[in-house]
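Peer 1:
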Amino acid sequence: MANVMDTLRSRGFVKQVVYEDELYEKLGKESVTFYIGFDPTADSLHVGHFMQLIAMHHMQQAGHRPIILIGGGTAMVGDPSGRTDMRSMMTKETIRHNVECFKKQMSRFVSFEGENAAIVVDNGDWLMDLNYIDFLRDIGTHFSVNRMLSAECFKQRLERGLSFLEFNYMLMQGYDFLVLYKKYGCQLELGGDDQWSNMLAGENLIRVKEQKPAYAMTFTLLTTSDGKKMGKTAKGAVWLDENKTTPYEFYQYWRNVNDEDVEKCMKLL
16 MANVMDTLRS RGFVKQVVYE DELYEKLGKE SVTFYIGFDP TADSLHVGHF MQLIAMHHMQ
76 QAGHRPIILI GGGTAMVGDP SGRTDMRSMM TKETIRHNVE CFKKQMSRFV SFEGENAAIV
136 VDNGDWLMDL NYIDFLRDIG THFSVNRMLS AECFKQRLER GLSFLEFNYM LMQGYDFLVL
196 YKKYGCQLEL GGDDQWSNML AGENLIRVKE QKPAYAMTFT LLTTSDGKKM GKTAKGAVWL
256 DENKTTPYEF YQYWRNVNDE DVEKCMKLL
């Protein structure tokens, strides 16, 4: 089996990996079940998700099994990573609608047939019915507040204000990984580099509670040569829904990418 990490590295995807040598060996000799999480904060995926979908495609083509985790539960809380303020609260109905939109769009990038068919799960299925006391006793005891406060996603919010609601997000994401490990044998979480602290929480939770190996790997964020995030225009986000961003607008966005960014985009996308 060819090692997909070589492919991802050569294309510039890989940013950080925990237990890198161990994971490299595993990816080269067996099929690994992995997951990527998407919070349904809009009714369409956008260019910011595009890279993760392409990485998921490479992983599946190499024989690994994808789990697409839709954050129907975590979207009720909101991820503080990269935020300077608290996200607006969405209704359950809006979240359900967005989840369905995501599922339809993702079918273009991954296969839901075959031996390593992708599956879609919604963390609302297990998070919405959690008993809070049981969760604190079973999961909360494995999280250090000192360590959490040192995470970049929280440090930049402390001066501006961080709600207790958002502070729970890391525990919930870590719990997601544990649930997927127990139910599907999922051993690897993939995601953008801004999720590194949250991903380490899940990897560590599995190693502590289950005494089993788990891994996390982050991808380079899609940025221009001067460090600005790509995927935005004067009109806002560049969506993957043709009703929100027309095919012509989508084409024009990539047509106008600066020359120095073209090679990177072609490798990543």
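For the sequence shown, my numbering gives the first residue as 16, with consecutive numbering after it. Here a beta-carbon is modelled for each residue, glycine too, at the ideal position from N, C-alpha and C.
Would you call the region 231-247 and the region 24-34 in contact, with 3 or more CB pairs under 8 Å?
Peer 2: Contact between the region 231-247 and the region 24-34 is present, because at least three Cβ pairs lie under 8 Å.
Peer 1: Under the assumption that F301 contacts A70 (Cβ atoms under 8 Å), give the Cβ distance between them as a whole number of angstroms.
Peer 2: In the structure displayed, the chain extends from 16 to 284; residue 301 sits before or after that span and is not available.
Peer 1: Count the other CB atoms within 10 Å of the CB of E204; is the residue buried (16 or more) or exposed (fewer)?
Peer 2: Answer is buried; the Cβ neighbour count reaches 16.
Peer 1: Would you kindly work out how many angstroms separate the C-alpha atoms of K227 and L195, rounded to a whole number?
Peer 2: Approximately 13 Å between the Cα atoms of the pair.
Peer 1: Which runs of the alpha helix (DSSP H) fall wholly inside the region 24-96 and span at least 4 residues, in chain order?
Peer 2: Counting only runs of 4 or more, we get 35-44 and 62-76.
Peer 1: When burial is assigned at 16 or more other CB atoms within 10 Å of the CB, is S122 buried or exposed?
Peer 2: S122 is exposed by the Cβ-count criterion.
Peer 1: For chain B, is any of its Cβ atoms less than 7 Å away from the one on P55?
Peer 2: Note that chain B does not occur in the displayed structure, where there is just one protein chain.
Peer 1: For M232, which of helix, strand or coil comes out of DSSP?
Peer 2: Correct three-state label for M232: strand.
Peer 1: So, is M143 buried or exposed, given that buried needs 16 or more other C-beta atoms within 10 angstroms?
Peer 2: Under this definition M143 is an exposed residue.
Peer 1: I need the straight-line Cα distance from A149 to N18, nearest angstrom please.
Peer 2: Looking at the sequence itself, residue 149 is Asp, so the reference to Ala does not match. Cα to Cα, the separation comes out at about 40 Å.
Peer 1: Thinking C-beta only, is T106 closer than 7 Å to M187?
Peer 2: In this structure, T106 does not lie closer than 7 Å to M187 by Cβ.
Peer 1: Tell me whether P81 is buried or exposed, calling it buried when 16 or more other Cβ atoms sit within 10 Å of its Cβ.
Peer 2: Label assigned to P81: buried.
Peer 1: Ends of the beta strand (DSSP E) at G206?
Peer 2: Per DSSP, G206 belongs to the beta strand (DSSP E) from L203 to G207.
Peer 1: Using DSSP's beta-bridge definition, name the partner residues of W254.
Peer 2: Paired residue(s): H61.
Peer 1: Could you please give the first and the last residue of the uninterrupted alpha helix (DSSP H) stretch that includes V223?
Peer 2: Here the alpha helix (DSSP H) through V223 covers W211 to K224.
Peer 1: Taking the continuous beta strand (DSSP E) assigned at V135, which residues delimit it?
Peer 2: Its beta strand (DSSP E) spans residues I134 to D137.
Peer 1: For K259 and K198, what's the separation of their Cα atoms in angstroms?
Peer 2: Cα to Cα, K259 sits roughly 36 Å from K198.
Peer 1: Using the C-alpha atoms, what's the distance from H64 back to L255?
Peer 2: One C-alpha to the other measures close to 9 Å.
Peer 1: Taking the CB atoms as reference points, tell me whether G87 and G139 lie closer together than 7 Å.
Peer 2: Yes, the pair counts as a contact, with Cβ atoms nearer than the cut-off.
Peer 1: I'd like to know whether the C-beta atoms of H61 and G246 end up nearer to each other than 7 Å.
Peer 2: Closer than 7 Å, so yes.
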